[in-house]
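full-length UniProt numbering numbers the first residue of the sequence shown as 1 and each following residue consecutively. Encoded as structure tokens, the structure appears first; notes follow it.
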Amino acid sequence: MGAPVHAAVRRGEEVTAAFDPQSATIVVVTYNRSHLLSRLLDSIERMDPKPGRVVIVDNASSDDTTEVVESYRSRLGAELVYRRLDENTGGSGGFSEGVKTAYELGSEWMWLMDDDVEVLPEGLARMGAWAPKFKSIQGRRYDYDGSEFYWQYRVSVPLGIPIPFAPADFDASGYRPMNSGCFEGMFIHRSIVQQIGLPDPRFFIYWDDTIYGWLASLKTRCVIVDEFVLQRTREIKQWDMGIRHFNASSDMYRYYIMRNRGIMKHYYAAHGKYRPAYFAVGTAATFAKELLRLAFVERKVTRKGWTNLWRGLRDGIALGRDKTFRVMPPLEA
């Protein structure tokens, strides 16, 4: 499956001269999906060039994840670092630990991804070609069925929600500025990680990468580039709206998408960007969006779904009022 090719980024010798693939670490977070993790590791084995290191953070899986990881140790073609956590800390905790590990190992670049994707063979070269110009880069991704996935890369900061009508096409530059982030493919330089600190594990799931990408955009010019580098390997029920897809969710996600707005409030306030009235509108819009997701994607509006939304909203308000909450600090050099 091909992708748009930009002349400046396709000549292997120029990529190598400007970017050393060995300076990059792929950070993977996994939980009880060894069958998907093995597909990702297979794709890393096929990569050319390969990263110098692969860090796998296991959120206390109860399946055969440990055995699967060990089976790749001698064949991956890159140093494999395995961190098995004592408890499930969610994607947020996993990426916090993964970035911490990669940073402490001296990685220059960290490429973050979940276990339900595959890396396209030239993925690292395509990302690395932009490394001399930017320090926080998001690549593009094919969906499970091979269609082009649209990711909402712009966020309305006052509302605290993605902008659904941000343009999906690219001009001749091959990139668009963004002020958000997605841990399914974020490619970030250690100097930015040092300045903004680790991903906040208190999110558990949802909004963690949005805030992390926004923090990065305060320190550097973040971009999404017209480079297909990943493909999702897990089918998710969707409402196809043309260029945009509305994915199914879960009751746990519904809770955290509302609860974590309390954490978002603290980050915006810490940087002088919190506007109470606008943020309340964004919270109401988020609540309404989840109701639409229940009705049109999952085609059910259950009492449990409602309860998790209301409970998340209640806990988020309480969390936002917590005067002891402190945002994640920068890292020491």
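Heads up, the beta-carbon is just placed ideally off N, CA and C, and yes, glycines get one too.
- Counting only runs of 3+ residues, the beta strand (DSSP E) found wholly inside the segment 54–113 occupies 79–84, in chain order.
- For Arg254, the enclosing alpha helix (DSSP H) covers residues 251–259.
- By the C-beta density criterion, Ser62 is exposed, having fewer than 16 other C-beta atoms within 10 angstroms.
- For His189, the enclosing beta strand (DSSP E) starts and ends at 186–189.
- Minimum Cα-Cα distance from Pro201 among the listed residues Arg154, Val99, Pro121 corresponds to Val99.
- Within the segment 120–168, the complete beta strand (DSSP E) segments of 3 residues or longer fall at 136–142, listed in chain order.
- Secondary structure of Asp208 (DSSP, three-state): helix.
- Looking at the DSSP output, Pro199 bridges to nothing.
- The alpha carbon of Trp306 has as its nearest neighbour, out of Gly316, Asp115, Leu294, the alpha carbon of Leu294.
- CA-to-CA, the gap between Gly146 and Glu235 works out to about 11 Å.
- Secondary structure of Pro276 (DSSP, three-state): helix.
- Gly106 counts as exposed, since fewer than 16 other beta carbons sit within 10 angstroms of its beta carbon.
- Apart from sequence neighbours up to five positions away, the residues of its chain that approach Ile192 with a beta-carbon distance below 7 Å are Lys135, Ser136, Ala216, Lys219, Thr220, ordered along the chain.
- Nearest Cα to Arg33 within the set Tyr212, Val57, Thr25: Val57.
- The three-state reading of DSSP puts Glu45 in helix, counting H, G and I together.
- When C-alpha distances from Arg232 are compared across Ile257, Met47, Thr89, Asp114, the shortest belongs to Asp114.
- When the five nearest sequence neighbours on each side are left out, the beta carbons in the same chain lying within less than 7 Å of the beta carbon of Met264 are those of Gly160, Trp207, Ile211, in order along the chain.
- Counting C-beta pairs with one atom in each stretch, the segment 269–286 and the segment 154–168 have three or more that are closer than 8 Å, which means they touch.
- A check of alpha carbon separations from Ala78 across Ser92, Thr65, Ser43, Phe95 identifies Ser43 as the nearest.
- In the structure shown, the three-state DSSP call for Thr25 is strand.
- In this structure, the alpha-carbon of Ala131 lies about 13 Å from that of Glu227.
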